[in-house]
Amino acid sequence: MIFGEVTLGHYLALSSLLFLIGLAGVLLRRSLLIVMMSLELLLNAANLALVAVGRFQGLPDPQVAVFFVITVAAAEVSLGLAILVAIFRIQKTTAADQLSTLRF
Amino acid sequence: MRAYTPYLILLLPLLAAVSIRIFLHPFPRISVAVSTFACLGSFLGSLGLLLLGSALGGVAAPSLPWVEMAGFRANLGLMGDPLARGMATLVSGVAFLVHLYSIGYLEKDPSRSRFFAELSLFVFSMLGIVLADNLVSMFIFWELVGLSSYLLIGFWVERPAAGAAANKAFLVNRVGDFGFILGILGTWALLGTFHFSEFSARVGEVPVGWGVTAVGLSLFCGCLGKSAQFPLHVWLPDSMEGPTPVSSLLHAATMVVAGVYMLIRVLPILELSHVTMMTIAWIGGLMTLLPALIACQQNDIKRILAYSTLSEIAYMVMAVGLGVPGPAMYHLMTHAFFKCLLFLAAGSVIHGCHGEQDIWKMGGLGKRMPFTALVLLLGTLALCGVPPVSGFWSKDAIFAATAHSPGLAAVSMAAGFFTSFFMLRMILVAFGGEPKNEAARQAHEGGIWMIAPMAILATLSVLSGLFPVEKFLGIPPEEGHASWTLWLSLLFALAGFVPAYRFYRQAGHEPLNFSILRHKFYVDEFYQRALISTQDAFAKVTDAFEGWVVRGFLVRGSGVVARASGQGLRLVQCGQVQVYAGLFILGVFFLLGWLWRDGWMR
Amino acid sequence: MEAIFFWALAVGLLVSATALVAFRNPVTNAVCLVVALVMQAALFITLESFFLAAVQVIVYAGAVMVLFLFVIMLLDVREEARRRVSWPLLVGVVGIGGGAVFGATKISSLFPSSDKILHWGQSGGGGGAKELGRLLFTSYSPLFLTTGVLLLVATIGVVVLCRKDPEV
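Quick note, the sequences are listed as chains A, B and C, same order.
Number 67 in this note's numbering belongs to position 59 of the first sequence; there are no gaps in the numbering.
Number 603 in this note's numbering belongs to position 582 of the second sequence; there are no gaps in the numbering.
Number 1381 in this note's numbering belongs to position 60 of the third sequence; there are no gaps in the numbering.
Right, here's the structure in full:
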């Protein structure tokens, strides 16, 4: 094997890198649509870590947790996109830096 | 069954009061009957207990536990010892006669029902004080008596003066009650019991010191308020704004002597401290003289009697202070009869003169109201202690006790002199001479309801001196009667009639003028001034406090702080959702780092 | 064998995720997301979680992505304004990225038993629909039912949010 054996640490490192990339997307991108896609990346990073830990520790329960995370993510995406559409109707934009009505 | 008789005696008037208040209010005749018969029932019950009980020994009524805590126990209980039995009989008997009198006196009053309900409430509370077997129960009824006194003084709600007098009575009594409740708690601290019957057994274990004196004086404070002794005496003359039967029953015969009764109950505690006893004796002694002097210059017939009441109660207080409860109770009983009689007679005069109370506007009533004049004269003789009428015997017993303290003997005998003076003045001005106005000219006697109670009370006033009160009350009679006090006091009392006759035989107007007496030694004015200036100063201080600390610092200050911090924190709010998310992530990283440092992830 | 799959999928996943964050055209982003999600599903398979892999493809790559694409079409979202890329920024990004790789491996090695090796077929199953279903309908059934309520609430919320007239 070229890169040696795959350990739990590999999966966790991959998961944390994925999380960091998603985080960068959430923090840096202006379009709320992309921000939401990045959020999905964050959830996926967490899912990956869960499944990896569950498998290497021989536990089935993290998989159930991931199942629920996916369900909740689906609900979250649908609601988030609905809000996005509603915001777009009123403000005519989805750029996060232009939506600053919360400011004083 | 006999053990429950005190409860029956106590609860009958309460039942009457409640049923009148709830059901019988619209039917005055039924209300009056219910109230009167309830009082009669109480009287018969107490009389039976008095007559049978002394033959059968003490009757202990079962008591109910009320407050039970670690280190603190208070019961609600009644006792039927000889003192309670005698006092209950006296109270309910006089109250019954006053009920009868009120039927005639308030014949035309539309709110008779209310009056009788309140009267029944009073009888209930007063019997409660008398029958209570511990200080806590007594205090409850003590307050109830204060309440019914307040209600009855202010019975004529349409008169502002009555309302003011009721308030004054209530507030002044609060001051006394505050001391009383301190005394009750102090009693628990000293003796560990509230029960009267356990006092004498436990006082032996109490160390003598300032604590005992403080407790004794606090308890005496309660007596000062309820029995209207100096310096809390100011409410009693004002309470004469109430209907005359009320003045007669509450503010002369029964309620105001509750303080004396209480003192007798707690006497074992008071006796522990010489200072307490001397204070009580001297306040009593001086209070015999001061009101007697004031009464010499008063014109309102009821106020004159009110001041004489103050003076007479002071005799009882003095007797307690001298350590002789027997004569005090003896005088309490005779005083109840003759003072009640005097007030009822005064009420009869007022009733006959259509509400006129100024003696200088009466005159010539002797011819038009011969019966009232007769009973008033009998009452006066009793009050002044002229033998062989009852007051002579009881006052003599008290004077005998002063034999060893000449100072007290002097002031109390001087008080006797002035008592005779102002009583004869009152009779001569109101009943002698010619009628001064139309009302006096048309004066007439009241109906049978008013005459009968006065006749009974007159008989009792004359004969009750012969009643062997000590035997019935279970108090050992005093030994060693000094005869010089008898003759001297009699001399003083009779001497008082001479100047009164000289000055007022044919007087059409006041021949003497002492403005200090007319203004009651300026005590009211002093309170007025002192209270107003203190209150003003206090108000200024609190206003400054309110303005600077509350309004300036707390209210405005907190507002300023909140606003300033809001202004500062507002700058953090950029409205950019991603900045918030970044801060949130930073927080998460910070927390994770913290956990990792503490070894959570290792 | 496991290593080849892992590295291929890992690199693919990271590249597609980076592309998602980097590109400005929303449709490109969406495609990148689909790729990333499919890579993730494949990673689930290397972890022997077959059922989850299927769910990932169906729910994420299917339903959620369709939703995203619908919204992109509906809103007619245009490309974002170009950011000015300066050398310091680029150096910063590269530096932060390198630091992140280093930090991620470091932190991951701190996890207990992070050096554990498990070959395929050694984990004793547990990733199929049967095993997961048994857990879901026994010990996690209250949670499962609650999820149903959550989805219902989400549906109602979406309907309410997307009404034409906000009043009523």
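Where a beta carbon is used, it is the ideal one built from N, C-alpha and C, also for glycine.
Inset, instruction - Pull up the distance between the alpha-carbon of Ala460 of chain B and that of Glu377 of chain B, whole angstroms please. - result: As a first step, residue 460 of chain B is located in the second sequence; it is residue number 439 there, counting from the start. As a first step, residue 377 of chain B is located in the second sequence; it is residue number 356 there, counting from the start. In a straight line, the C-alpha of Ala460 of chain B is about 8 Å away from that of Glu377 of chain B.
Inset, instruction - Could you check which residue in B:Leu362, B:Ile202, B:Phe199 has the C-alpha nearest to that of Val267 of chain B? - result: Counting from 1 along the second sequence, the entry for residue 267 of chain B is found at position 246. With distances taken between Cα atoms, Val267 of chain B lies closest to B:Leu362.
Legend entry - Span separating the alpha-carbon of Leu365 of chain B from that of Leu552 of chain B: Taking the first residue of the second sequence as 1, we reach residue 365 of chain B at position 344. Taking the first residue of the second sequence as 1, we reach residue 552 of chain B at position 531. The straight-line gap from Cα to Cα measures roughly 35 Å.
Inset, instruction - Work out the CA separation of Phe1389 of chain C and Pro1347 of chain C for me, nearest whole Å. - result: If you number the third sequence from 1, residue 1347 of chain C lands on position 26. If you number the third sequence from 1, residue 1389 of chain C lands on position 68. When rounded, the distance between both Cα atoms is 9 Å.
Legend entry - Amino acids of chain A, ordered along the chain, whose beta-carbon sits closer than 9 Å to that of Phe1432 of chain C: Mapped onto the third sequence, residue 1432 of chain C falls at position 111. Leu16, Gly17, Leu20, Val61, listed in chain order.
Inset, instruction - Please report how far the alpha carbon of Met308 of chain B lies from the alpha carbon of Leu284 of chain B, in whole angstroms. - result: For this step, residue 308 of chain B is matched to residue 287 along the second sequence. For this step, residue 284 of chain B is matched to residue 263 along the second sequence. Computed Cα separation, rounded: 16 Å.
Legend entry - According to DSSP, residues forming a beta bridge with Asp321 of chain B: Stepping through the second sequence from its first residue, residue 321 of chain B is reached at position 300. Asp321 of chain B is bridged to B:Asp379.
Inset, instruction - Reducing DSSP to helix, strand and coil, say where Val14 of chain A ends up. - result: Taking the first sequence and counting its residues from 1, one reaches residue 14 of chain A at position 6. If DSSP states are grouped into helix, strand and coil, Val14 of chain A belongs with coil.
Legend entry - N- and C-terminal bounds of the beta strand (DSSP E) containing Leu97 of chain B: Here residue 97 of chain B is taken as the residue at index 76 of the second sequence, counted from 1. Residue range 93-97 is occupied by the beta strand (DSSP E) that includes Leu97 of chain B.
Inset, instruction - Pull up the distance between the alpha-carbon of Leu56 of chain A and that of Ser23 of chain A, whole angstroms please. - result: Position 48 of the first sequence, counted from the start, is the residue given in the question as residue 56 of chain A. Position 15 of the first sequence, counted from the start, is the residue given in the question as residue 23 of chain A. Computed Cα separation, rounded: 6 Å.
Legend entry - Three-way DSSP call (helix, strand, coil) for Ser426 of chain B in this model: As a position in the second sequence, residue 426 of chain B is number 405, starting the count at 1. Of the three classes helix, strand and coil, the one that applies to Ser426 of chain B here is coil, per DSSP.
Legend entry - Status (buried if at least 16 other CB within 10 Å, exposed otherwise) for Glu226 of chain B: Numbered from its first residue, the second sequence carries residue 226 of chain B at position 205. Glu226 of chain B comes out exposed.
Legend entry - Counted within 10 angstroms of its Cβ, other Cβ atoms place Asp259 of chain B as buried (16 or more) or exposed: In the second sequence, residue 259 of chain B corresponds to position 238, counting from 1. It is buried - the Cβ of Asp259 of chain B has at least 16 other Cβ atoms within 10 Å.
Legend entry - Nonlocal neighbours in the same chain, by C-beta distance under 6 Å from Val187 of chain B, ignoring five residues either side: Translated into positions along the second sequence, residue 187 of chain B becomes position 166. Here residue 187 of chain B turns out to be Ala, not Val, going by the sequence shown. Contacts found: Tyr171, Ile174, Gly175.
Legend entry - Reduced DSSP category for Asn188 of chain B - H, G, I as helix; E, B as strand; rest coil: Here residue 188 of chain B refers to the residue found at position 167 of the second sequence. Of the three classes helix, strand and coil, the one that applies to Asn188 of chain B here is helix, per DSSP.
Inset, instruction - Return the CA-CA distance between Gly373 of chain B and Val396 of chain B, expressed in angstroms with no decimal places. - result: As a working mapping, residue 373 of chain B is identified with position 352 in the second sequence. As a working mapping, residue 396 of chain B is identified with position 375 in the second sequence. Those two C-alpha atoms are separated by around 15 Å.
Legend entry - Validate contact between the segment 342-360 of chain B and the segment 376-391 of chain B using beta carbons, cut 8 Å, 3 pairs: no
Legend entry - Ala1331 of chain C at chain A interface by Cβ criterion, 8 Å: As a position in the third sequence, residue 1331 of chain C is number 10, starting the count at 1. Yes, contact with chain A.
Inset, instruction - Look at the alpha carbon of Gly428 of chain B and the alpha carbon of Phe513 of chain B, and state the distance between them as a whole number of angstroms. - result: Mapped onto the second sequence, residue 428 of chain B falls at position 407. Mapped onto the second sequence, residue 513 of chain B falls at position 492. One C-alpha to the other measures close to 15 Å.
Legend entry - Boundaries (first-last residue) of the beta strand (DSSP E) holding Met308 of chain B: The residue labelled residue 308 of chain B in the question sits at position 287 within the second sequence. Counting along the chain, Met308 of chain B falls outside any beta strand (DSSP E), though it belongs to the alpha helix (DSSP H) covering 295-316.
Inset, instruction - Compare the C-beta of Asn1577 of chain C against all C-beta atoms of chain A and say whether one is closer than 8 Å. - result: Here chain C covers residues 1322 to 1489 and nothing more, so residue 1577 of chain C does not appear.
Inset, instruction - Take the Cβ of Trp256 of chain B as the centre, count every other Cβ of all protein chains shown within 10 Å, and call the residue buried at 16 or more, exposed below. - result: Counting from 1 along the second sequence, the entry for residue 256 of chain B is found at position 235. Buried, since its Cβ has 16 or more Cβ neighbours within 10 Å.
Inset, instruction - In the DSSP assignment, find the beta strand (DSSP E) that holds Tyr90 of chain B and state where it starts and stops. - result: Locating residue 90 of chain B in the second sequence gives position 69, counting from the first residue. It is Met, not Tyr, that sits at residue 90 of chain B in the sequence shown. Taken as a continuous stretch (DSSP letters only), the beta strand (DSSP E) holding Met90 of chain B covers 85-90.
Inset, instruction - Consult DSSP for Met100 of chain B and reduce its assignment to one of helix, strand or coil. - result: As a working mapping, residue 100 of chain B is identified with position 79 in the second sequence. Strand at Met100 of chain B.
Inset, instruction - Say whether chain A places a C-beta atom closer than 8 Å to the C-beta of Gly603 of chain B. - result: Looking up residue 603 of chain B in the second sequence gives position 582. Yes, Gly603 of chain B lies at the interface with chain A (some Cβ there is under 8 Å from its Cβ).
Inset, instruction - Report all residues from its chain with a CB closer than 8 Å to the CB of Met299 of chain B; omit the five preceding and five following residues, and keep chain order. - result: Position 278 of the second sequence, counted from the first residue, corresponds to residue 299 of chain B. Here the set comprises Gly342.
Inset, instruction - Could you list the residues in the segment 1453-1484 of chain C with a C-beta less than 7 Å from some C-beta on chain A, going in chain order? - result: Across the segment 1453-1484 of chain C, CB contacts with chain A closer than 7 Å involve Leu1453, Leu1456, Leu1457, Tyr1461, Leu1464, Thr1468, Leu1471, Leu1472, Ala1475, Gly1478, Val1479, Leu1482, Cys1483, in sequence order along the chain.
Inset, instruction - Verify the CB distance criterion: does Ile1393 of chain C have a CB-CB separation below 8 Å to chain A? - result: Against the third sequence, residue 1393 of chain C aligns to sequence position 72. It does: the Cβ of Ile1393 of chain C has a partner Cβ on chain A nearer than 8 Å.
Legend entry - Positions along the segment 81-108 of chain A whose CB lies within less than 8 Å of some CB in chain F: Among the protein chains of the structure shown, namely A, B and C, there is no chain F.
Inset, instruction - Kindly say whether Thr1339 of chain C, judged by its beta-carbon, lies nearer than 8 Å to any beta-carbon of chain A. - result: Position 18 of the third sequence, counted from the first residue, corresponds to residue 1339 of chain C. By this cut-off, Thr1339 of chain C is an interface position.
Inset, instruction - Taking Val43 of chain A as the query, report the chain C residues whose CB atoms sit under 7 Å from its CB, ordered along the chain. - result: Locating residue 43 of chain A in the first sequence gives position 35, where the first residue counts as 1. Per Cβ cutoff of 7 Å: no residues; Val43 of chain A is ~10 Å from chain C at best.
Legend entry - Inter-residue spacing [alpha-carbon to alpha-carbon] between Val1283 of chain C and Leu41 of chain A: Any answer about residue 1283 of chain C is impossible in this case: the structure gives chain C only from 1322 up to 1489.
Inset, instruction - Please confirm if the segment 204-212 of chain B is in contact with the segment 233-250 of chain B, defined as three or more CB-CB distances below 8 Å between the two stretches. - result: yes
Inset, instruction - For Val1489 of chain C, I'd like the list of residues in its chain whose CB is within less than 6 Å of its CB, leaving aside the five on either flank, ordered along the chain. - result: For this step, residue 1489 of chain C is matched to residue 168 along the third sequence. Annotation note: pLDDT 49 at Val1489 of chain C (below 50); position unreliable, coordinate value reported separately. Contacts found: none.
Legend entry - Beta-carbon spacing of Val59 of chain A, Leu1335 of chain C below 8 Å: Translated into the one-based positions of the first sequence, residue 59 of chain A becomes position 51. Translated into the one-based positions of the third sequence, residue 1335 of chain C becomes position 14. Not a contact, by the Cβ cut-off of 8 Å.
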